[in-house]
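In this note's numbering, the protein residues as written are 117 to 214.
All C-beta atoms in this analysis are idealised placements derived from N, C-alpha and C, irrespective of residue type, glycine included.
Quick caveat, the model's predicted, so the values are computed rather than measured.
Here is the structure we will look at.
The following block contains the structure:
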């Protein structure tokens, strides 16, 4: 992924982080680690992927980091969040988290 596209998509990750923070409260000190998990996910993707797919992968990296750090129970609020429902209501939620 080229640097300009990475910067743009990583900037869009902040919208996802705000939605996650609204859906499930977690320590603000952990935002940097969450951003890093999302950045790594973006860097692993090819340029041929769509922006929406890249952001979905970054969001799933954030969910995985939250689950590993806080446990599965913190993710309950995400299932109820209108902003995040399209990301988690794709069938992946059931296979990965439940």
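- request: Using a threshold of 8 Å, state whether the C-beta atoms of residue 129 and residue 151 are closer than that.
  value: Position 13 of the chain shown holds residue 129. Position 35 of the chain shown holds residue 151. In this structure, residue 151 lies closer than 8 Å to residue 129 by Cβ.
query: Is it buried or exposed for residue 182, if we count other Cβ within 10 angstroms and need 16 for buried?
result: Along the chain shown, read from residue 1 onward, the residue named residue 182 stands at position 66. By the Cβ-count criterion, residue 182 is buried, with 16 or more other Cβ atoms from all chains shown falling within 10 Å of its own Cβ.
message: What residue range does the alpha helix (DSSP H) around residue 185 cover?
response: The residue you call residue 185 lines up with position 69 of the chain shown. 167-186 is the span of the alpha helix (DSSP H), which, as asked, contains residue 185.
message: Are the CB atoms of residue 153 and residue 178 within a distance shorter than 8 Å?
response: Counting from 1 along the chain shown, the entry for residue 178 is found at position 62. Counting from 1 along the chain shown, the entry for residue 153 is found at position 37. Yes, Cβ-Cβ distance for residue 178 and residue 153 is below 8 Å.
message: On the CB-based measure, 16 or more other CB atoms within 10 Å of its CB, does residue 159 come out buried or exposed?
response: Position 43 of the chain shown, counted from the start, is the residue given in the question as residue 159. Classification for residue 159: exposed.
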